[in-house]
Amino acid sequence: MVYPSDYENKTGFDRIRAQVRGKCTTDGGRALLDGEGFSASAGEIAHRLSLCSELQEILMLESGFPLQEYTDIGPVARKIEVACTFLDIEDMIALRAGLGAVNEITVFLAAKEEGRYPVLRGLAPVSYTHLTLPTNRE
């Protein structure tokens, strides 16, 4: 079945999207949300629901999940894509914070028993080895 372009408006889902968008703390998060569109695929819907239910379970039942404010490293990544450019101190701090958050989430998932949170684990890096970030003096 083909759905009209204003399907989200007609069903009221645009209001839900706006509420979720209001909870996004980074431009990267808002861009990911904007990229998500309507799906009539049962497999895609099941995948999205699994992601939501696994994260909901973590937030409600687990302790130790890193909940700090996440740093959007997209602007920093775009800077270092340009040849012969260097990062300033603020960008290095943002990059370290962003990579640290990714590392903490990856370590959290790796510490759970095998088979726990399989869909979220599928989003994590292939290797669950601990990423060592340099300290202030290294």
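So the sequence shown is numbered by this note's numbering: it starts at -15 and just counts up by one.
No residue lacks a Cβ here, since even glycine has one placed at the ideal position from N, Cα and C.
Of all alpha-carbon atoms in Val60, Pro50, Asp18 and Ala67, the one lying nearest the alpha-carbon of Thr90 is that of Pro50.
Excluding residues up to 5 positions away in sequence, Arg5 and Cys8 lie with their Cβ nearer than 7 angstroms to the Cβ of Arg14 in the same chain. For Ser(-11), no alpha helix (DSSP H) run applies, since DSSP gives it neither H nor E.
Looking at the backbone, the Cα of Ile73 and that of Pro(-12) are separated by about 48 angstroms. Rounded to the nearest whole angstrom, the C-alpha separation of Glu41 and Glu53 is 20 angstroms. The beta carbon of Gly48 sits closer than 7 angstroms to the beta carbons of Phe92 from its chain, once the five residues preceding and following it are set aside; these are given in chain order. Rounded to the nearest whole angstrom, the C-alpha separation of Gly(-4) and Phe70 is 46 angstroms. Distance between Asp56 and Leu43, taken at the CA atoms: about 21 angstroms. For Ala85, same chain residues with a beta-carbon under 8 angstroms away, outside a window of 5 residues either side, are Pro50, Gln52, Tyr54 and Thr55 in chain order. If you ignore the 5 residues before and after Asp(-2), its C-beta comes within less than 8 angstroms of the C-beta of Glu(-8), all in its own chain and listed in chain order. Residues Ser23 of the same chain have their beta carbon placed closer than 8 angstroms to that of Ile29, with the five preceding and five following residues left out of the count.
Going by C-alpha positions, Leu17 is about 29 angstroms away from Glu98. The beta-carbon separation of Glu20 and Leu104, rounded to 17 angstroms, does not stay under the 8 angstroms limit for a contact.
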